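Let me begin by presenting the structure, written as structure tokens, before commenting on it.
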Amino acid sequence: MSEHRTEGTTVSELASNRPHHLGETFLQVEDLKVHFPTEDGIVRSVDGLSFDLAKGKTLGIVGESGSGKSVTSQAIMGLHRRTRAQVSGQILLDGEDLLTVSDARLRKLRGNDVAMIFQDPLSALHPYYTIGNQIVEAYQVHHDVSKSVARKRVVEMLDLVGIPNPARRIDQYPHEFSGGMRQRAMIAMALVNDPKLLIADEPTTALDVTVQAQILHLLTDLQQEFGSAIIIITHDLGVVAEVADDILVMYAGKSVERGDVDTVFYNPEHPYTWGLLSSMPRIDRDRQERLKPIRGNPPSLINPPKGCAFHPRCDFRKEVNDSTRCATEVPLFDAEQPHPVRCHIDPPRRREIFDTVIQPSL
Amino acid sequence: MFAFAVRRSLAAVVMLIVMSMVTFLLFIASATDPARIACGKNCTPAQIADVKHSLGYDKPIYAQYGLFVEGLVHERNFPDDPAIEKNAPQTIVHCSAPCFGYSHINTALVSTLIAQRLPVSVAIAIFAFVLWMVFGVLSGIVAALFRGRWPDKLLVGLALIGYSFPTFFIGLVLYQYVALKWQIVPVPEYISIFHDPIGFIRGGILPALTLAMIYIAGYVRITRAYMLEAMGEDYLRTARAKGLTERKVIFKHTLRAALTPITTIAGLDLGALLAGAAITETVFNFNGVGKLAVQSAVNGDLPVNVAIVLIAATFIIVANVLVDVLYAYIDPRVRYA
Amino acid sequence: MADPVTSTPNPGSAPTADPAGTTADGDLLLRVRGLKKHFPLKTQGLIRRMADPVKAVDGISFDLNAGETLGLVGESGCGKSTAGRTLLQLLEPTAGTITFEGRDITGVHGDDLRHLRSEMQMVFQDPYGSLNPRHTIGSIIGAPYMIAKTKMVKGDSIKGEVQSLMERVGLNPEHYNRYPHEFSGGQRQRIGIARAIALRPKLLVCDEPVSALDVSIQAQVVNLLEDLQAEYNMAYVFVAHDLSVVRHISDRVAVMYLGKIMELADRDVLYAAPMHPYTHALMSAVPVPDPRKETRRERILLIGDLPSPINPPSGCVFHTRCPKYREVLSENDKQRCVTEFPELELKAAGHFAACHFPEVRSDIAAAEGAGVVVEQQIATAIESVAVPDGTLGL
Ligand SMILES: Nc1ncnc2c1ncn2[C@@H]1O[C@H](COP(=O)(O)OP(=O)(O)OP(=O)(O)O)[C@@H](O)[C@H]1O
Ligand SMILES: Nc1ncnc2c1ncn2[C@@H]1O[C@H](COP(=O)(O)OP(=O)(O)OP(=O)(O)O)[C@@H](O)[C@H]1O
Ligand code: SF4
Ligand SMILES: [Mg+2]
Ligand SMILES: [Mg+2]
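Protein chains in written order, with the numbering used here: chain W, 23 to 384; chain B, 1186 to 1522; chain H, 830 to 1223.
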């Protein structure tokens, strides 16, 4: 399914080099690139992304619309078509590189070890098959059991995710479910094989707050029960604050900041993260007189800005010792650090700016 | 589901009744005087009036319609004149129900005329249907799976060519070359499939192919479009994410979604095809309903015209109903709409 | 439904309309009383007959002043969009009255309706679907001038007008001849806004105008809406399910549930001291972008799905999911919730709630010290509100 262009390093080299600061690393993404050749040029949707994730932990990925969050998650699932996307780098799942394994092996992992919940539960479910039929299928791909055994399992799962009267509901079609129930059914489908890694791409964006609260509650409960690792992708910082242990902030296909949830919320250091935090209305604070959007427009992914991709919109370039660097030199992102930040401003100065300028105005 | 089917059928019956009235009105009210044609060229006005009377065309339209409808359930006599019945009973034609009328030009009952020809038309239409479904839909699927590569370009190109030639031209070329010149198949003729299946295929292949050609071309494109649409659906991503094999993703999930709308279109097209195979039958000189329709239109054979239009309408309406019901069966969302 | 204001004699129910002079704060622009919109449904059986309708909007009442923003929140399917469309006469109301500038506009037709369209406009949620992909944005934004035919703008001057409008909403006027697909989501939403404000309407219904946008672009659009409101003194009905955005932009907020308004109050009051158990649950469900608060926060999870608007529960429509009903009330009190429909009533100054057992407003209780009789509070509150003009909730 996927294009493999491994760079020189082998799996074992990389695996042994990595500090496991998150405990037992389960997923490790190294220099992931996903490029789409199009008529207008190459779209660099993901351009050198690295992160890792331990068992039982939740990573929140946030970032602007179009920053490559969904493309990343689909790369982990191996869902990019070789004919359309050039995927390179490494995605190690328990030490096994998903970008070089055979198609057959990938299919075995997919849905079994790694499962995914999609944003829009209505379009992600097949309209012509019953909910039960679709989940039974997902179970039978990976378990050689009879239909009736699989059905029993599915009824259990539907019950687990809180669908009332599952034995009857199992034979209904997606359009007979409400939005919240569809998303529960999606979750049941994703969890039916006890995956070790669950990727949720905007699992609650299509739902309203009351249902969102139910679904997030369900996800954290299930994680505690099964100890799976979760990647949750969203642009709602409230959702991340609620469920994530770590946060990865993406901008223009690259990671710009990563840290544990407290660090990113209370001591963020990247100007884009600052912009993100400043631009949202806060229900938990006094009402701001005015919202503060990040100025300018999202970058082109075909001709991304040279140097720091954020520089055309950044208000803090003057804080860099040699401010021409912002437009010429890509800032480094040292994934080994506990709190890496892709910015030319000196770390102490960044903290100072946050404490003195950003924090008070939040 | 059952209620849905029944309701749809009832609606169809109402529609047929309305159709029959409209047809009747249109034809009876048309300028050609059927009595004059039936009587012949050298008739005096008095003779024409006589014929008119004996054919019942002197009655008001609603009465004629009433007789026509009555004939559908009740026996009729032509001419319906007690005097003639007494004097010369042998000249009276009895038409048992359902009676569509009597063609004076062919001196035969309309139902007899049609009953002879309907099997020919239906057999060829279904033959054509099978051809176009198999070749059109399969090629469409292949084209979609190879989107942008040479099989796709080839099939779409061929479809475009097939689409741009008129039916009579395709028919004539096939007839001239395949049958007459190269003699790959015998000269087309209708042989009943129950009588000699091989003979039916050999004799019917050219007309069926001619009839199917434009549909094959259309279906390549429609199927390709629906396949591509279905292939972009989010639920296929879900199917892949489950770990299904690509074969299962395509043959279970994609086809189900893509073929559903095609079923509808195909059903309607078959109905329309049964209704109008005129050109092909004329080209290959098959005595089907299509040819009969052309003849009767040229000759101003009114009763035959009315009957054929009604039969055609019936085919189309019945196809519509079947398609609706079928569609409700395969697309669960429709049942609740 | 007897509504809170029309049930009392009201001398000011038809305030003098003076379109030129309605700039002062507190000028009544829109008055809605007992508005209902029911969608008829057909049964499944052999013979189709009318079944019970979908009660999408089931008797809502509120007032809106010129230049004011009323937020409309509630779960998906509670009837927010339907309410907005019915207000604008895009849907024909089943019952109730809508008074705009003192004139009853319920069910107007023809030229009157066309004239009304230039006074009230709508911004839609989907910035992709609501713009015709085959029209240039110049013609999209210019269309209202053509249709309304009220303002005498012709040929070239339409272009000039449109371009200055584009500039006003932050679009490059040189992009006059471009097509919608050439614009980003935020820019498309600006196009939608430009089209809506072309004729300087007095009322703009915004149906989830920022829900499809990411936070930064959302902030741009919200700011734009606020600037335009200040400039043209437009009133907004702002529909959204993001409660943070609603609090930011609204002056007052109405909370809907199953086609009814459950609570209506001043923004700050509603968020700080909600009285209706449903508002309480709704507020507590909003995730807060602050991990420490987030872990400490107590959350009221609503159980189950929204009941069907075809057969809403008896009595208080919320009782099937109400945490207070389930956990606090005595059997006797419960009986009341199940059988008796709570009207939307004034419970404190400017604060309406439809609940038999509303939360006591902590701020009021605190102000008066312990042991205050709340009824007395409410009585004074009602007096203070019963100003001659009788405006609801100011
Ligand atoms: N198949 C494709 N061909 C070309 N470009 C693509 C393709 N898929 C995605 N992209 C581009 O890659 C970029 C990243 O897309 P992605 O869906 O990952 O964004 P996202 O971060 O998930 O945004 P959102 O928050 O809006 O979901 C976008 O600019 C998108 O247009
Ligand atoms: N044309 C219609 N015919 C029948 N029912 C309808 C129609 N339009 C809306 N409804 C129903 O009316 C109810 C209210 O719908 P509405 O779209 O107003 O909700 P909403 O509050 O805007 O929801 P959302 O937040 O999902 O946009 C729903 O139950 C909906 O199914
Ligand atoms: S590198 Fe420069 S442009 Fe980029 S975020 Fe840091 S200061 Fe801003
Ligand atoms: Mg995405
Ligand atoms: Mg809506």
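For each residue, glycine too, the CB sits at the ideal point set by N, CA and C. What you are looking at is a predicted structure, and each value in this text was computed from that prediction instead of being measured.
Worksheet item: Is it the case that the CB of residue 1421 of chain B approaches a heavy atom of ligand 1 more closely than 6 Å?
Response: Position 236 of the second sequence, counted from the first residue, corresponds to residue 1421 of chain B. It does not: the Cβ of residue 1421 of chain B is nowhere closer than 6 Å to a heavy atom of ligand 1.
Since residue 1428 of chain B meets chain W, which of its residues come closer than 7 Å, beta carbon to beta carbon?
Within the second sequence, the letter at position 243 stands for residue 1428 of chain B. Correct list: 129, 130, 132, 133, 134, 163 and 164.
- request: Identify, in the order they occur along the chain, each residue of the same chain with its Cβ nearer than 7 Å to the Cβ of residue 853 of chain H, setting aside the five sequence neighbours on each side.
  value: For the purposes of this step, residue 853 of chain H is identified with residue 24 of the third sequence, where counting begins at 1. With a pLDDT of 38 at residue 853 of chain H, under the threshold of 50, the modelled position of that residue is not reliable, and the figure given next carries that caveat. For residue 853 of chain H, where only same-chain residues beyond five positions count, there are no Cβ hits under 7 Å.
Residue 903 of chain H versus residue 909 of chain H: straight-line alpha-carbon distance, rounded:
Here residue 903 of chain H corresponds to residue number 74 of the third sequence, with the count starting at 1. Here residue 909 of chain H corresponds to residue number 80 of the third sequence, with the count starting at 1. Residue 903 of chain H and residue 909 of chain H: Cα-Cα distance of roughly 7 Å.
| Would you say residue 1396 of chain B touches ligand 1, meaning its beta carbon is less than 6 Å from a heavy atom? | Within the second sequence, residue 1396 of chain B is the residue found at index 211, counting from 1. It does not: the Cβ of residue 1396 of chain B is nowhere closer than 6 Å to a heavy atom of ligand 1.
Cβ of residue 136 of chain W within 7 Å of Cβ of residue 94 of chain W?
Residue 136 of chain W sits at position 114 when you count from the first residue of the first sequence. Residue 94 of chain W sits at position 72 when you count from the first residue of the first sequence. For residue 136 of chain W and residue 94 of chain W, no; Cβs fall outside 7 Å.
| Leaving out five residues before and five after residue 1378 of chain B in sequence, what residues of the same chain have Cβ atoms less than 7 Å from its Cβ? | Position 193 of the second sequence, counted from the start, is the residue given in the question as residue 1378 of chain B. Hits under 7 Å: 1308 and 1385.
Review point. Terminal residues of the continuous beta strand (DSSP E) containing residue 80 of chain W?
Key: Within the first sequence, residue 80 of chain W is the residue found at index 58, counting from 1. Note, residue 80 of chain W: beta strand (DSSP E), 80-85.
Chain-ordered residues, beta carbon under 7 Å from a heavy atom of ligand 4:
W:91, W:92, W:141, W:223, W:224 and W:255
**Prompt:** Excluding sequence positions up to five away, which residues of its chain have a Cβ less than 6 Å from the Cβ of residue 1188 of chain B?
**Reply:** Here residue 1188 of chain B is taken as the residue at index 3 of the second sequence, counted from 1. Closer than 6 Å at the Cβ level, and outside the excluded window around residue 1188 of chain B, lies no residue.
Kindly indicate which three-state DSSP category residue 221 of chain W falls into: helix, strand or coil? Indexing the first sequence from 1 puts residue 221 of chain W at position 199. Strand at residue 221 of chain W.
### Query
Which residue comes first and which comes last in the beta strand (DSSP E) that contains residue 139 of chain W?
In the first sequence, the residue the question calls residue 139 of chain W occupies position 117. Unbroken beta strand (DSSP E) run through residue 139 of chain W: 136-139.
**Report entry** Sub-7 Å separation of residue 307 of chain W and residue 362 of chain W beta-carbons
**Finding:** Walking along the first sequence from the start, residue 307 of chain W turns up at place 285. Walking along the first sequence from the start, residue 362 of chain W turns up at place 340. No, these two residues do not count as a Cβ contact at 7 Å.
Discussion item. Taking the beta carbon of residue 1335 of chain B as the centre, do at least 16 other beta carbons fall within 10 Å, making it buried, or is it exposed?
Written reply: Your numbering for residue 1335 of chain B matches position 150 in the second sequence. The residue is exposed, with fewer than 16 neighbouring Cβ atoms inside 10 Å.
Problem - Among W:289, W:333 and W:134, the one whose alpha carbon lies nearest that of residue 374 of chain W - result: Looking up residue 374 of chain W in the first sequence gives position 352. Nearest option by C-alpha distance: W:289.
Quiz prompt | Beta-carbon proximity list for residue 189 of chain W, same chain, < 8 Å, skipping 5 on both sides | solution = Within the first sequence, numbered from 1, the residue matching residue 189 of chain W stands at position 167. Same-chain partners within the cutoff: 177.
Are any of the Cβ atoms in chain H nearer than 7 Å to that of residue 315 of chain W?
Residue 315 of chain W sits at position 293 when you count from the first residue of the first sequence. Closer than 7 Å to some Cβ of chain H, the Cβ of residue 315 of chain W qualifies, so yes.
Tell me where the alpha helix (DSSP H) around residue 1512 of chain B begins and ends.
Reading the second sequence from its first residue, position 327 is the one you call residue 1512 of chain B. Counting along the chain, the alpha helix (DSSP H) containing residue 1512 of chain B begins and ends at 1487-1515.
Exercise for the section: Drop a sphere of 10 angstroms on the beta-carbon of residue 1345 of chain B, count the other beta-carbons inside from all chains shown, and report buried for 16 or more, exposed for fewer. Expected result: Against the second sequence, residue 1345 of chain B aligns to sequence position 160. Exposed, because fewer than 16 other Cβ atoms sit within 10 Å of the Cβ of residue 1345 of chain B.
*asked:* Check this for me: beta carbons of residue 1456 of chain B and residue 1466 of chain B, under 7 Å apart or not?
replied: Your numbering for residue 1456 of chain B matches position 271 in the second sequence. Your numbering for residue 1466 of chain B matches position 281 in the second sequence. Cβ atoms of residue 1456 of chain B and residue 1466 of chain B: not closer than 7 Å.
Judging by CA-CA distance, which residue of H:1010, H:1049 and H:1012 is the nearest neighbour of residue 316 of chain W? Locating residue 316 of chain W in the first sequence gives position 294, counting from the first residue. Comparing Cα positions, the closest option is H:1049.
Do residue 58 of chain W and ligand 7 come close, with the Cβ less than 6 Å from some heavy atom? Looking for ligand 7 in the displayed structure turns up nothing; the ligands present are ligand 1, ligand 2, ligand 3, ligand 4 and ligand 5.
*asked:* Does the beta-carbon of residue 1042 of chain H, which I'm using as the reference point, lie nearer than 6 Å to any heavy atom of ligand 1?
replied: Residue mapping note: residue 1042 of chain H aligns to position 213 of the third sequence, counting from 1. Residue 1042 of chain H Cβ: outside cutoff for every heavy atom of ligand 1.
- Task: Verify whether the separation of the beta carbon atoms of residue 1104 of chain H and residue 1176 of chain H is less than 7 Å.
- Result: Numbered from 1 along the third sequence, position 275 holds the residue referred to as residue 1104 of chain H. Numbered from 1 along the third sequence, position 347 holds the residue referred to as residue 1176 of chain H. Yes.
(request) Would you kindly work out how many angstroms separate the C-alpha atoms of residue 1230 of chain H and residue 883 of chain H, rounded to a whole number? (result) Given that chain H is displayed from residue 830 to residue 1223, the structure contains no residue 1230 of chain H and the question cannot be resolved.
Next on the checklist: Which residues in chain W have a C-beta closer than 9 Å to the C-beta of residue 1069 of chain H? List them in chain order.
Outcome noted: Working through the third sequence from its first residue, we reach residue 1069 of chain H at position 240. Residues of chain W passing the Cβ test: none, with the nearest at roughly 10 Å.
Roughly how many angstroms separate the alpha carbons of residue 1247 of chain B and residue 1256 of chain B, rounded to a whole number?
Along the second sequence, one-based indexing puts residue 1247 of chain B at 62. Along the second sequence, one-based indexing puts residue 1256 of chain B at 71. Cα-Cα distance, rounded: 14 Å.
In the DSSP assignment, the beta strand (DSSP E) including residue 1419 of chain B goes from what residue to what residue? Against the second sequence, residue 1419 of chain B aligns to sequence position 234. Counting along the chain, residue 1419 of chain B falls outside any beta strand (DSSP E), though it belongs to the alpha helix (DSSP H) covering 1419-1426.
Euclidean distance between Cα positions of residue 842 of chain H and residue 292 of chain W
Here residue 842 of chain H is taken as the residue at index 13 of the third sequence, counted from 1. Here residue 292 of chain W is taken as the residue at index 270 of the first sequence, counted from 1. Per-residue confidence for residue 842 of chain H stands at a pLDDT of 35, beneath the threshold of 50, marking its modelled position as unreliable; the derived number appears in the next sentence. Those two C-alpha atoms are separated by around 56 Å.
Subject >> Residues near residue 106 of chain W by beta carbon distance below 7 Å, same chain, minus five either side >> reply: Here the question's residue 106 of chain W lines up with position 84 in the first sequence. Same-chain partners within the cutoff: 58.
Can you pull out the residues from the segment 334-358 of chain W whose beta carbon lies closer than 9 Å to at least one beta carbon of chain A? Chain labels in this structure do not include chain A; the protein chains are W, B and H.
Whole alpha helix (DSSP H) elements within the segment 136-188 of chain W, 4-residue minimum
143-146, 153-164 and 169-182
Using a Cβ-Cβ distance cut-off of 7 Å, determine whether residue 138 of chain W contacts chain B. By one-based count along the first sequence, residue 138 of chain W stands at place 116. For residue 138 of chain W, the answer is yes, since a Cβ of chain B falls inside 7 Å of its Cβ.
Cβ-based contacts, 9 Å cut-off: residues of the segment 245-263 of chain W near chain H:
257, 258, 259, 260, 261, 262 and 263
- Give every residue of the same chain whose Cβ lies closer than 7 Å to the Cβ of residue 1393 of chain B, excluding the five residues on either side of it in the sequence, and list them in chain order. Numbered from its first residue, the second sequence carries residue 1393 of chain B at position 208. 1309, 1312, 1313 and 1316, listed in sequence order.
Just verifying my parser: in three-state terms, what is the DSSP assignment at residue 366 of chain W? Within the first sequence, numbered from 1, the residue matching residue 366 of chain W stands at position 344. Coil.
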